[in-house]
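**Student:** What follows is a single structure, and I will ask about it in a moment.
2 protein chains.
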Amino acid sequence: MAEQGLLLVISGPSGCGKDTIIHEVLQHLDGEGFLSVSMTTRPKRGEEVHGVHYYFVSEAEFLQNVQNDQMLEYAQYGENYYGTPVGPIRALLSQGKTVILNIEVTGGKNVRRLLPFAVEVFVAPPSLKELRRRLEKRGTETPDAIETRMEIATRELACAKDYDYIVINDALEDAVQDVLAIIRTSKLKKENMLNKLSEVTDYAES
Amino acid sequence: MAEQGLLLVISGPSGCGKDTIIHEVLQHLDGEGFLSVSMTTRPKRGEEVHGVHYYFVSEAEFLQNVQNDQMLEYAQYGENYYGTPVGPIRALLSQGKTVILNIEVTGGKNVRRLLPFAVEVFVAPPSLKELRRRLEKRGTETPDAIETRMEIATRELACAKDYDYIVINDALEDAVQDVLAIIRTSKLKKENMLNKLSEVTDYAES
């Protein structure tokens, strides 16, 4: 049986750059790392692949997951449900893979309850001023929507203390290297190394 | 006032390669990292510099440190005392420096008591067989002395579980990168980042 893999949770306010960091980190991990896939009841579109872009399921299956406490977070938009199921994460971990879970700050509590071994990283912007600049630069939102996002970000920053590590995304490549170091280091934790250590002593002198 | 620095303890059996790893890590840290300096009562020789090679002190001063519980470990060889004083480590840490402490496995307990915030790394050889090969290759010890070292190493490996991280020194450059990742990651721990995080929220929108 493979050793348990590593689950890395990445959260942070909208505009902090966590999606870009995760994209770069996965490139570096080169097939060793997987992004957790969301579940939805909305129909598949165009080129989308089940298990890659989403797990496309029926409403009954989705709600069964909710009922069985197998959802880290979920929400309904219009007629469709979207959520983060625990099952596929557990399956990848049991194969020894590194799984990155990109989740809302509000989802952190459920992760801690259902997957207490997760290593949790909070990505913060260098400053609220810079966060506002980034959101404005996107140009996709009204001034009112930006104000709302800024209020949410301020609330979310207060949750950073509940995470294991805090990465301040000032320069992207530094933040990527920070996350890669956290992944490398987490695998060296003594509780993850005791199997390997027993190989050092058991078979070595035979 | 500077933020508290990082104290990294590195221990491991004789022949595991920890001295070489530390040397390489200090090169990479490039002036940001310091090796903890031992204290001795033996006279200074040749080019040796006080505070670099050793702290050269009188027997009275040495024993005062012992009596004040300021020694992580110490021993007497012939007429001279050798030991690891806590004071200079605390001084470097208060300047925000990264300090590496190369200490015997038996010294770990005192580190945990006097410097509980230390990040502790145990360096293990890839196997006991390989450790024996390395010790024999050195050619500096009798077969009996090697047997004794192997017995001590086996006992010391059982202490690895008391450390935070375990690095298996199979390929030197990998082990060096492991230790560098541990240093980088330790600085990202939330308890070390809360000051920086308060700067994100406090001054940002002003």
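Those protein sequences? They're chains A and B, same order as listed. With this note's numbering applied, the first sequence corresponds to residues 6 to 211, in that order. With this note's numbering applied, the second sequence corresponds to residues 6 to 211, in that order. From the three backbone atoms N, C-alpha and C, an ideal C-beta is built for every residue, glycine too.
Could you work out which residues of chain A lie near Tyr-170(B), taking near to mean beta carbons separated by less than 9 angstroms?
**Tutor:** The residue labelled residue 170(B) in the question sits at position 165 within the second sequence. Correct list: Thr-190, Leu-193, Lys-194, Lys-195, Met-198.
**Student:** Quick check: the Cα distance between Leu-98(B) and Thr-190(A), rounded to an integer number of angstroms?
**Tutor:** Translated into positions along the second sequence, residue 98(B) becomes position 93. Translated into positions along the first sequence, residue 190(A) becomes position 185. Taking the straight line from one Cα to the other gives about 22 angstroms.
**Student:** Chain B beta carbons: is any one of them nearer than 8 angstroms to that of Ile-173(A)?
**Tutor:** Here residue 173(A) refers to the residue found at position 168 of the first sequence. Closer than 8 angstroms: yes.
**Student:** What in chain A is Cβ-close to Ala-180(B), meaning under 8 angstroms?
**Tutor:** In the second sequence, residue 180(B) corresponds to position 175, counting from 1. Within chain A, no residue comes near Ala-180(B); the closest Cβ sits about 10 angstroms away, beyond 8 angstroms.
**Student:** Does Thr-159(B) get closer than 8 angstroms to chain A when you measure Cβ to Cβ?
**Tutor:** The residue you call residue 159(B) lines up with position 154 of the second sequence. Yes, Thr-159(B) lies at the interface with chain A (some Cβ there is under 8 angstroms from its Cβ).
**Student:** Scan the region 100 to 129 of chain A for residues whose Cβ lies nearer than 7 angstroms to a Cβ of chain B and list them as they occur along the chain.
**Tutor:** Ala-129
**Student:** Rounding to the nearest angstrom, what Cα-Cα distance links Gln-69(B) and Asp-167(B) in this structure?
**Tutor:** By one-based count along the second sequence, residue 69(B) stands at place 64. By one-based count along the second sequence, residue 167(B) stands at place 162. Whole-angstrom Cα-Cα distance: 29 angstroms.
**Student:** Can you have a look at Gly-83(B) and say buried or exposed, based on whether 16 or more other CB atoms are within 10 angstroms of its CB?
**Tutor:** What you label residue 83(B) is simply residue 78 of the second sequence in a count that begins at 1. Label assigned to Gly-83(B): exposed.
**Student:** By a C-beta neighbour count over all protein chains shown, 10 Å radius and 16 as the cutoff for buried, is Thr-103(B) buried or exposed?
**Tutor:** Here residue 103(B) is taken as the residue at index 98 of the second sequence, counted from 1. Classification of Thr-103(B): buried, given that the 10 Å Cβ count is 16 or more.
**Student:** Would a C-beta distance cut-off of 8 angstroms place Ile-26(A) and Ala-180(A) closer than the cut-off?
**Tutor:** As a working mapping, residue 26(A) is identified with position 21 in the first sequence. As a working mapping, residue 180(A) is identified with position 175 in the first sequence. A contact, by the Cβ cut-off of 8 angstroms.
**Student:** Could you tell me whether any Cβ in chain A is nearer than 8 angstroms to the Cβ of Asp-183(B)?
**Tutor:** Along the second sequence, read from residue 1 onward, the residue named residue 183(B) stands at position 178. With 8 angstroms as the cut-off, Asp-183(B) counts as an interface residue toward chain A.
**Student:** From the DSSP output, which residues share a beta bridge with Val-298(B)?
**Tutor:** No answer is possible for residue 298(B): it lies beyond the span of chain B, which begins at 6 and ends at 211.
**Student:** Can you give me, in chain order, the residues of the region 60 to 71 of chain B that have a beta carbon less than 9 angstroms from any beta carbon in chain A?
**Tutor:** For the region 60 to 71 of chain B, the beta-carbon criterion of a distance under 9 angstroms to any beta-carbon of chain A is satisfied by none of its residues.
**Student:** Check the DSSP bridge columns for Val-172(B) and list the partner residues they point to.
**Tutor:** Taking the second sequence and counting its residues from 1, the one referred to as residue 172(B) is at position 167. Beta-bridge pairing links Val-172(B) to Val-128(B).
**Student:** Compare the C-beta of Ser-132(B) with all C-beta atoms of chain A and state if any pair is closer than 8 angstroms.
**Tutor:** As a position in the second sequence, residue 132(B) is number 127, starting the count at 1. Yes, contact with chain A.
**Student:** Which residues of chain B have a Cβ atom closer than 7 angstroms to the Cβ of Ile-187(A), listed in chain order?
**Tutor:** Taking the first residue of the first sequence as position 1, residue 187(A) is located at position 182. In chain order: Thr-190, Leu-193.
**Student:** Using CA atoms only, rank isn't needed, just tell me which of Cys-164(B), Asp-149(B), Tyr-170(B) is closest to Met-4(A).
**Tutor:** Missing from the structure shown is residue 4(A); chain A here goes from 6 to 211 and no further.
**Student:** With 8 angstroms as the C-beta to C-beta threshold (strictly closer), list the residues of the region 20 to 40 of chain A near chain B in chain order.
**Tutor:** none
**Student:** From the DSSP output, in three-state form, read off Ala-80(A) for me.
**Tutor:** Reading the first sequence from its first residue, position 75 is the one you call residue 80(A). In the structure shown, Ala-80(A) sits in a strand (DSSP, three-state: E or B).
**Student:** Is Thr-206(A) close to chain B? Criterion is C-beta to C-beta, closer than 8 angstroms.
**Tutor:** As a working note, residue 206(A) is residue 201 in the first sequence. True, the Cβ-Cβ gap to chain B drops below 8 angstroms.
**Student:** Could you tell me which whole beta strand (DSSP E) segments of length 3 or greater appear in the region 148 to 207 of chain B?
**Tutor:** 170 to 173
**Student:** Can you give the Cα-Cα distance for Leu-202(B) and Arg-160(A), rounded to whole angstroms?
**Tutor:** Residue mapping note: residue 202(B) aligns to position 197 of the second sequence, counting from 1. Residue mapping note: residue 160(A) aligns to position 155 of the first sequence, counting from 1. The alpha-carbon atoms of Leu-202(B) and Arg-160(A) are separated by roughly 13 angstroms.
**Student:** Rounded to whole angstroms, what is the Cα-Cα separation between Leu-193(B) and Leu-12(B)?
**Tutor:** On the second sequence, residue 193(B) is found 188 positions in, with the first residue counted as 1. On the second sequence, residue 12(B) is found 7 positions in, with the first residue counted as 1. Taking the straight line joining both Cα atoms gives about 14 angstroms.
**Student:** Pro-93(B) lies in the alpha helix (DSSP H); which residues open and close that run?
**Tutor:** Working through the second sequence from its first residue, we reach residue 93(B) at position 88. Note, Pro-93(B): alpha helix (DSSP H), 92 to 99.
**Student:** What does Lys-201(A) reach in chain B if we use C-beta pairs closer than 7 angstroms?
**Tutor:** Indexing the first sequence from 1 puts residue 201(A) at position 196. Ile-173, listed in chain order.
**Student:** To the nearest angstrom, how far is it from the Cα of Gly-112(B) to the Cα of Val-128(B)?
**Tutor:** Taking the first residue of the second sequence as position 1, residue 112(B) is located at position 107. Taking the first residue of the second sequence as position 1, residue 128(B) is located at position 123. About 15 angstroms.
**Student:** How many Å lie between Leu-163(A) and Gln-100(B) at the Cα?
**Tutor:** Taking the first residue of the first sequence as 1, we reach residue 163(A) at position 158. Taking the first residue of the second sequence as 1, we reach residue 100(B) at position 95. The amino acid occupying residue 163(A) in the given sequence is Ala; Leu does not appear at that position. Approximately 28 angstroms, taken between the alpha carbons.
**Student:** Taking its Cβ as the centre, do 16 or more other Cβ atoms sit within 10 Å of Lys-114(A), making it buried, or is it exposed?
**Tutor:** Within the first sequence, the letter at position 109 stands for residue 114(A). So Lys-114(A) ends up on the exposed side.
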